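Heads up: the sequence shown is residues 1183 to 1355, going by the numbering used here. Only one structure is covered here, and it is reproduced in the block below.
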Amino acid sequence: MNLIYEPVTAANLLDYIRVGIQSYQEHYLHLWENGDPSSFVNAYLTETSVLPALKDPKQGFYLIKEKDTPLGILNVTFDAPRANFLSKDNLLLNKIYLLKSQSGRGVGAKTLDFVEQLAIKHDKNLVWLLAMQKGKPKDFYQKHRYKIIEAAEIQLSGVLHSEKAMWLMAKQL
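Take a look at the structure:
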């Protein structure tokens, strides 16, 4: 499998949004009241939200592809401190969302390797993320040597109370 991490630009922005929405809906509708993730989509997966962020040098947006076929999306933030807990010299992994058809193919593991190499390339010594306390993501990250640091919670409106619990996880590089 030869994955391509295509930086998002105005030219492929609509593909990023389409694949992001599809992959999010395939995996996360159960988190939302009435299965409606519109507050998430509006905040993170619209032209209005992504286009200005593309101009921020601290943001990295990628379309994950194999040849010409989109498989998922990736978003990272450089130098993203959290409540003085983590140093400024880190990379926040915001999103790895893969289409359901890509689950179990190793795309997630290869993408996590890409993220860690990206962090090293930018002189970052830590990757951190927020993962749902329920479900498979936490186990995936622990398998790749991410450690649970502290409890956290989704802050968006419309998330079911029973689904808000998250873990802040990190890996020293």
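Yeah, the Cβ is synthetic: ideal placement off N, Cα and C, and Gly gets one too. From a predicted model like this one, the values you see are computed outputs, not experimental measurements.
- Proximity to S1231 across L1195, H1212, A1347 peaks at L1195, based on C-alpha coordinates.
- The shortest CA-to-CA distance from D1197 to any of M1348, F1222, D1238, L1253 is the one to L1253.
- For Q1354, the closest alpha carbon among the candidates H1343, S1339, H1326 is that of H1326.
- Annotation for Q1354: the continuous beta strand (DSSP E) segment containing it runs 1347 to 1354.
- In the three-state scheme derived from DSSP, where H, G and I count as helix and E and B as strand, P1319 is classed as helix.
- L1281 has its alpha-carbon roughly 14 Å from the corresponding atom of L1185.
- Secondary structure at G1254: strand, using DSSP grouped into helix, strand and coil.
- The Cβ atoms of S1221 and S1339 sit closer than 8 Å to each other.
- Separation of the CB atoms of N1224 and F1243 is rounded to 17 Å, and the pair is thereby denied contact status at 8 Å.
- Burial check for I1302: the Cβ neighbour count within 10 Å stays below 16, so the residue is exposed.
- Under a 10 Å Cβ-count criterion, A1352 is classified as buried, with 16 or more other Cβ atoms of the shown protein chains found around its own Cβ.
- According to the DSSP assignment, Y1244 belongs to the beta strand (DSSP E) that extends over 1241 to 1248.
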